């Protein structure tokens, strides 16, 4: 295991997943691939946390899920952003901006 | 998160599981395919994809936790697992379940009695405000003495603490008419009796206030039982007339089925009432000088008044009355007793002792099961260690073990409740007449709730320690040492402690029942003062209307006795007004003329017995001095009396009682004073109330001296007394077809009845302590047997090295002896501390009777060591070769 291992900050996983799903319905594996490639392999989603997170978001109604066929004709479970998921995303993005801005300020100041 | 959604998910769990599996598999396959495309070998590709997931099972569980309320789900799984574990060891399960069933069943059965007697509200309106008001005298031991009518009237007008007061007195009356004559117990009551209790008849209007006025009192309320039996539950009974002692009475009501008013103290008949009729005080009842004490008084406290406030005001009123009427009220005070205490009074100590005893039995049972679980946990240590190693948390393991305990408890509790239902019926069947109200005791909701609570508490109690120790074991050691790991010591200590505790608890119970047995032996060793064998008793009450004249009354009884005496199988026959063991006697003041005159209240007090011909010889009461009544004295008034030894000892100690003259205040004062009785003889004492009550001073009169219309006939037979009842009834029918025989019993039965409460308590406590003894023995047996099994190897080596049977035996028994002695010592201390709770139940035995304590300690030690001896002997038979190959 020589790839850089960056466990996601607690709470950011939901943000990333929701953001990823704005591109359209996607299965779990697709979500990990997407996050990994967009972050240039820097962020890596642990499978062990992804599925519990996806199911929790489903229970909370932020995403809905249904079975579909993947590009190479595999059966896969596709997650789709719901309207309450969009609201949640907006909320979390705002939080994230506030967080990064505050962290940056601290770093500049110190 | 939506609870409903998750609950729904739980129901669809299997599908969800399958879907989750599919989802994860598709993820892995996609990853593997990509890996393959990136140039890995297919083996590497699959492995990498799988590895990234780590522990798929854990992941699945974590994910499922999101979908389902996991703990409910896990509990269900634990439950299934526990069920499988119990099925797999049927021997253990059977022993544990039966032990628990015994403990929970006994607790539930006794609680059902406790509930009905001590807890369940009495079936009256606002029962907490109901009290009984008694008189009590500094000169009499009885704190619940009946009340005189003039005092009742004065209390009623002077008190401010009661919203109402009612009086009650009972008598037997002949019910004639539609069927064969029957003697029934009638309570004469004030017209407000039922409204005071807040009880409404199920039929009819009940008593109206004007029924308390002269001329309007010819009405009755029928008890439910009599209405059902004698009147076949006639729904149109109200308004009909019944004949009581020949007088027509109009039925104005029927009591509810659960109306079981019966206050034994102060009852002249000692029997449950069947009919109630309003009673109007005649003018004489207002006269303090003339009236004796014979009424029971019930009262309802005014709202906001406590029983102790009522007590102090009533005491003040009694003090006024004492001043105003020193002759009749000297030394007399008032005793206010709450109705609940009145009813449960004598039963409470016995019930609480029994309840404590069954709680002990349950604790011993719990200790046994806990000890079994500990032994089993040792053999399952590896299983637990492996479960911990692959990721089960402590809590998870503890919970699983607790689930097994609870399951055991639930099965045991279920069987226990069934046992309790059966046991309660057995209890009622074995319980003496009149002791427990049969209808009142049932498996109702509070009892069931108690059983469930007892079950859960028991499950947690015996399950806690084993599951705690198992879930806190150190895995590595356990796995290394092959199952005999770190927890072994803690378990051994816990099991030893359990055995000591069990033995201690068992000793307390054994001491308690030992004391009761000794007390009972003392009690039945008491000489009643007469011979109770082959003695038939029954009561005849002649109606005033027909036998009003004294002469016809005397003649009737003489003729009846003469007819009975010639019946084959009858050796002798006589009669007494209040023979021993048939209820309270009548007591009065006696003035011995050679002693200074005192106020009525200060006079010596004696029971008065009115007797027929041959009474003392029929009863086998010995003559101590002087002579008995002769034929003339038994035919007409000759003013003579025979006194009991206790009377002579108490009041005539210094003088020869024979020839002394005494005024016995049982007739009107003038009549009594003009006809003092000469003492002609002294006879042996009899126990009037019971064997546990000291004989009271008694004076006897021949029947003509005080003609009573109600007499108890006593027939000494040479065969079974009850076999003669129908012949005697025939004779009676020939003389007067309307006369019933009441309270037919043999004196042996009466004697047994008077002992029944002591016998009942002793029997139950005895059973519980035997159960405790057996359980504790099983406990110590199990422990020693287990430790022998554990030490087989060691014992084998010892034997191989030359240890003798004796050495091995001593080695094993030493452990048992230490535990036994410790348990017995702790038990003796605890029993010494607790046995004083038994004091009120004991007769002529001290609560710390050394003989009893030594006896039960020895018994327990012998049984416990005997239980140790079985595995110890097995240990001596260990074959060293086999033992060394062990493992």
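Residue numbers (the numbering used here), protein chains in the order written: chain H, 1 to 110; chain P, 111 to 997.
All C-beta atoms, glycine included, are put in the ideal place defined by N, C-alpha and C.
Keep in mind that this is a model prediction, so the values were computed, not measured.
Give me the Cα-Cα distance between residue i and residue j, rounded to the nearest whole angstrom.
i	j	result
residue 17/H	residue 163/P	18 Å
residue 612/P	residue 923/P	18 Å
residue 200/P	residue 797/P	57 Å
residue 569/P	residue 477/P	11 Å
residue 237/P	residue 834/P	46 Å
residue 5/H	residue 44/H	Model confidence at residue 5/H stands at a pLDDT of 42, short of 50, so the residue's coordinates are unreliable; what they give is reported in the following sentence. Those two C-alpha atoms are separated by around 7 Å.
residue 593/P	residue 559/P	At residue 593/P, the pLDDT of 47 sits below 50, so the modelled position is not reliable and the matter cannot be decided from this model.
residue 750/P	residue 764/P	21 Å
residue 855/P	residue 603/P	59 Å
residue 50/H	residue 33/H	12 Å
residue 57/P	residue 300/P	Outside the displayed span of chain P (111 to 997) sits residue 57/P, for which this structure offers no information.
residue 14/H	residue 57/H	8 Å
residue 508/P	residue 581/P	5 Å
residue 442/P	residue 687/P	27 Å
residue 185/P	residue 130/P	21 Å
residue 340/P	residue 225/P	32 Å
residue 153/P	residue 475/P	59 Å
residue 280/P	residue 533/P	35 Å
residue 286/P	residue 379/P	19 Å
residue 455/P	residue 795/P	29 Å
residue 342/P	residue 692/P	30 Å
residue 309/P	residue 327/P	19 Å
residue 197/P	residue 417/P	58 Å
residue 372/P	residue 383/P	7 Å
residue 984/P	residue 541/P	45 Å
residue 806/P	residue 925/P	57 Å
residue 398/P	residue 275/P	19 Å
residue 961/P	residue 401/P	51 Å
residue 489/P	residue 67/H	48 Å
residue 695/P	residue 719/P	8 Å
In the DSSP assignment, find the beta strand (DSSP E) that holds residue i and state where it starts and stops.
i	result
residue 789/P	787-793
residue 353/P	351-354
residue 680/P	680-686
residue 459/P	First-last for residue 459/P: 457-489, but that is the alpha helix (DSSP H), not the beta strand (DSSP E).
residue 963/P	Unbroken run through residue 963/P is the alpha helix (DSSP H), 960-986; no beta strand (DSSP E).
residue 240/P	240-247
residue 775/P	Premise fails: residue 775/P is in no beta strand (DSSP E) and is neither H nor E.
residue 559/P	That residue, residue 559/P, is in no beta strand (DSSP E); its alpha helix (DSSP H) goes 555-581.
residue 274/P	272-286
Can residue i be considered in contact with the ligand MN, in the sense that its beta carbon sits closer than 7 Å to one or more heavy atoms?
i	result
residue 169/P	As presented, the structure is devoid of all ligands, the ligand MN included, so that no description of it is given.
Let's see if you can read the secondary structure: which residues bound the alpha helix (DSSP H) around residue i?
i	result
residue 753/P	From DSSP, residue 753/P is part of no alpha helix (DSSP H) but of the beta strand (DSSP E) over 750-754.
residue 725/P	725-729
residue 662/P	660-675
residue 535/P	504-540
residue 812/P	Not the alpha helix (DSSP H): residue 812/P falls in the beta strand (DSSP E), residues 808-812.
residue 34/H	28-38
Below 8 Å on C-beta distance, what does residue i contact in chain P?
i	result
residue 25/H	Within 8 Å Cβ-Cβ: nothing; residue 25/H doesn't reach chain P, min ~14 Å.
residue 70/H	136, 140
residue 28/H	133, 137
Using a cut-off of 7 Å between C-beta atoms, extract the partners of residue i located in chain P.
i	result
residue 74/H	136, 139, 140
residue 78/H	What residue 78/H touches in chain P: nothing, since even the nearest Cβ is about 10 Å away.
residue 48/H	163, 164, 169
residue 37/H	Per Cβ cutoff of 7 Å: no residues; residue 37/H is ~12 Å from chain P at best.
Going along chain H in order, which residues have a C-beta closer than 8 Å to the C-beta of residue i?
i	result
residue 173/P	51, 52, 55
Worksheet item: Is there contact between the segment 756-766 of chain P and the segment 841-860 of chain P, where contact requires at least three CB pairs shorter than 8 Å?
Response: no
Worksheet entry | Contact between the segment 613-631 of chain P and the segment 964-984 of chain P (3+ Cβ pairs under 8 Å) | yes
Worksheet item: What alpha helix (DSSP H) runs, 4 residues minimum, are completely inside the segment 365-448 of chain P?
Response: 417-434, 436-439
Discussion item. Would the segment 240-259 of chain P count as touching the segment 561-575 of chain P if we require 3 or more Cβ pairs under 8 Å?
Written reply: no
Worksheet entry | Runs of alpha helix (DSSP H) wholly within the segment 295-365 of chain P (minimum 4 residues, chain order) | 303-307, 334-340
Fill in: alpha helix (DSSP H) runs wholly inside the segment 140-212 of chain P, at least 4 long, in chain order
152-163, 166-177, 180-198
Worksheet item: Would you call the segment 766-774 of chain P and the segment 695-713 of chain P touching, i.e. three or more CB-CB distances under 8 Å?
Response: yes
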